[in-house]
Ligand SMILES: Nc1ncnc2c1ncn2[C@@H]1O[C@H](COP(=O)(O)OP(=O)(O)OP(=O)(O)O)[C@@H](O)[C@H]1O
Ligand SMILES: [Mg+2]
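Numbering (the working numbering), first residue to last: 45 to 316.
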């Protein structure tokens with residue numbers, strides 16, 4: 045069911061183009077270009093920090109954080125996994141990126157200076173799903189804290205899922221945290237709708253949203269096959285239950301309980 049044509053869009057470029065069509069969403073999309081030497085150099089000059097990543101990547105694999113710090117002997121740095129390497133020129137930096145990327149096509153994206161907690165970056169996953177009435181609904185919000193020394197927050201790359209309120213409360217207080225959370229949900233909802241306008245078959249969107257140090261939200265990526273199990277990490281199980289129920293109704297996960305009950309019933313009958 046998961047591969048039903050049209051429900052999954054792997055190409056990040058295609059997704060970016062679709063979201064830019066909504067004028068309310070576009071200002072929250074970091075500039076994204078196909079990566080080559082010119083776009084890399086140009087965006088580094090303008091932004092100082094960018095991320096480069098495979099056009100069709102997953103799990104944070106191949107994602108690199110690149111920085112330019114003028115005035116240093118080795119002004120360029122490339123952070124991938126736990127390693128950070130420094131370079132004297134754009135050309136040596138680009139040579140390194142080319143070796144790392146191998147033959148995959150890459151994107152360059154303006155880097156978001158993500159908020160940190162205990163020195164670790166975090167971003168936010170907003171789950172948006174088609175509900176039983178056929179309307180888009182934000183069903184879950186969770187923060188993902190990067191492993192120490194990593195530039196990506198992915199769960200499959202050592203990231204830790206935590207309740208967003210735990211991270212925002214100390215920074216914003218309870219009213220501020222609640223307001224920020226509802227704004228993030230609204231942006232997730234709006235971006236899912238924008239994506240669905242161009243790709244009507246999609247039915248779940250996991251919006252990866254980063255808050256920068258000025259608390260401005262940026263849409264880092266929209267996943268069309270988001271992991272519904274992520275929300276099991278929240279103590280309050282109601283979010284997980286709803287996300288799973290919708291995912292099941294959408295045919296995106298097997299009807300687990302029913303299936304295992306059926307298996308048990310079959311086994312019982314065989315024994316008889
Ligand atoms: N422009 C950016 N600014 C700040 N952080 C970023 C940026 N792009 C990516 N990241 C970090 O890297 C992580 C992985 O990037 P991204 O979600 O684009 O690729 P992916 O995880 O490989 O794809 P998928 O989510 O489909 O598996 C993000 O969750 C975020 O933590
Ligand atoms: Mg991602």
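C-beta atoms are modelled at their ideal positions from N, C-alpha and C, and glycine is treated no differently.
Here the structure is a predicted model, which is why all the values come from computation and not from measurement.
Alpha helix (DSSP H) segment containing residue i, residue limits
i	result
residue 210	208 to 242
residue 135	134 to 145
residue 91	81 to 91
residue 60	56 to 63
residue 285	281 to 293
Neighbour-count burial assignment, residue i, 16 or more Cβ in a 10 Å radius
i	result
residue 89	exposed
residue 151	buried
residue 313	Annotation note: pLDDT 44 at residue 313 (below 50); position unreliable, no value reported.
residue 239	buried
residue 284	buried
residue 139	exposed
residue 205	buried
residue 26	This structure gives no information on residue 26, because the portion of the chain shown stretches from 45 to 316.
residue 136	exposed
Length of the line joining the Cα atoms of residue i and residue j
i	j	result
residue 51	residue 241	13 Å
residue 112	residue 129	12 Å
residue 149	residue 184	32 Å
residue 80	residue 293	42 Å
residue 316	residue 298	Its pLDDT being 37, under 50, residue 316 is placed unreliably by the model, and nothing is read from it.
residue 279	residue 154	34 Å
residue 281	residue 209	16 Å
residue 178	residue 296	15 Å
residue 158	residue 95	12 Å
residue 82	residue 175	44 Å
residue 102	residue 218	34 Å
residue 270	residue 68	23 Å
residue 258	residue 87	21 Å
residue 303	residue 268	Any reading at residue 303 must be qualified, since the residue scores a pLDDT of 49, below 50, and its modelled position is unreliable; no value is offered.
residue 131	residue 141	11 Å
Identity of the residue in the options nearest residue i by Cα
i	options	result
residue 173	148, 261, 287	287
residue 261	73, 58, 101	73
residue 62	266, 295, 108	266
residue 115	161, 126, 133	133
residue 248	213, 291, 220, 284	291
residue 289	272, 277, 280	272
residue 253	243, 91, 236, 125	236
residue 127	117, 106, 146	106
residue 194	163, 91, 187	163
Element boundaries [beta strand (DSSP E), containing residue i]
i	result
residue 267	261 to 267
residue 174	164 to 174
residue 76	76 to 78
residue 278	From DSSP, residue 278 is part of no beta strand (DSSP E); its letter is neither H nor E.
residue 252	248 to 255
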